Amino acid sequence: MPRVAVVLSDLLQRAGLAALLERYFAPVEVECFAAVDDALREERAFDLYFTDSAAFATEVDFFLTHRARGVSRAPQESGGGGCEAPYVVSTRGTLEEVVEQIGRLWRDDRSEDEKSSTDLSGREVEVLRLVVSGAINKEIADRLHISLNTVLTHRKNITAKLGIKTVSGLTLYALMHGYISADDMPL
504 MPRVAVVLSD LLQRAGLAAL LERYFAPVEV ECFAAVDDAL REERAFDLYF TDSAAFATEV
564 DFFLTHRARG VSRAPQESGG GGCEAPYVVS TRGTLEEVVE QIGRLWRDDR SEDEKSSTDL
624 SGREVEVLRL VVSGAINKEI ADRLHISLNT VLTHRKNITA KLGIKTVSGL TLYALMHGYI
684 SADDMPL
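Numbering (the working numbering), first residue to last: 504 to 690.
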């Protein structure tokens, strides 16, 4: 039976996500924590972690070490477009959309190494790093010595492969996959 940790400071989000997981993905063992420190005290590891982007960013080492596979975006976060990458679940959608996104996590049987090596090319990773650093398309083109159209093509391919349309979503993806560290993030 899969073991899932829901690490959210908001009690309603925590309880709601736990209820959703138990209702739609049974049999599953769900444990809720208000903070990452509480999850750290747990002796057994979890198969899947759900948290918000703020907790992920502050405890990036813990989640990367524990191969966190689920990140629940808090509804108050800004940013348009859905984040449909296998590691990001938007809580802004309808119940059906949220269940579908979580279902993708459940069905995803590729290994972590396969995902990181097949999702993005080396050049796409370079473009991703520059995008999340705050560089605009023209700056990216100049730094990588490629045309503006090539930058746009890489960005389109990144969005298509990952299903992430926002810079904040791309930043979270880059953090989770080790393409950038928390120190690399712009202030």
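C-beta: ideal position from N, C-alpha, C; glycine also.
Owing to the predicted nature of the structure, the values given are computational and were not obtained by experimental measurement.
| Check | Outcome |
| --- | --- |
| One or two residues paired with Ser671 in a DSSP bridge | Bridge partners of Ser671: none, in fact. |
| Beta-carbon proximity list for Leu678, same chain, < 6 Å, skipping 5 on both sides | Val563 |
| Reduced DSSP category for Val509 - H, G, I as helix; E, B as strand; rest coil | strand |
| Straight-line Cα distance separating Leu524 from Arg547 | 19 Å |
| Span of the alpha helix (DSSP H) around Thr656 | Leu651 to Leu665 |
| For Ser593, three-class secondary structure by DSSP | strand |
| Nearest candidate by alpha-carbon position, reference Ser514, set Ala508, Ala537, Glu545 and Val654 | Checking the sequence, you will find Leu at residue 514 rather than Ser. Nearest C-alpha to Leu514: Ala537. |
| For Val635, the nearest candidate out of Asp686, Ala522, Ser512 and Ile605 (CA to CA) | Asp686 |
| Tyr552 in three-state terms, based on DSSP | strand |
| Where the beta strand (DSSP E) through Glu525 begins and ends | Premise fails: Glu525 lies in the alpha helix (DSSP H), Leu514 to Tyr527, not in any beta strand (DSSP E). |
| Rounded separation between Val592 and Val533 - CA only | 17 Å |
| With 16 other Cβ atoms within 10 Å as the buried cut-off, status of Ile639 | exposed |
| For Val510, the nearest candidate out of His648, Phe565 and Thr653 (CA to CA) | Phe565 |
| Test item: CB-CB of Val630 and Arg607 under 8 Å | no |
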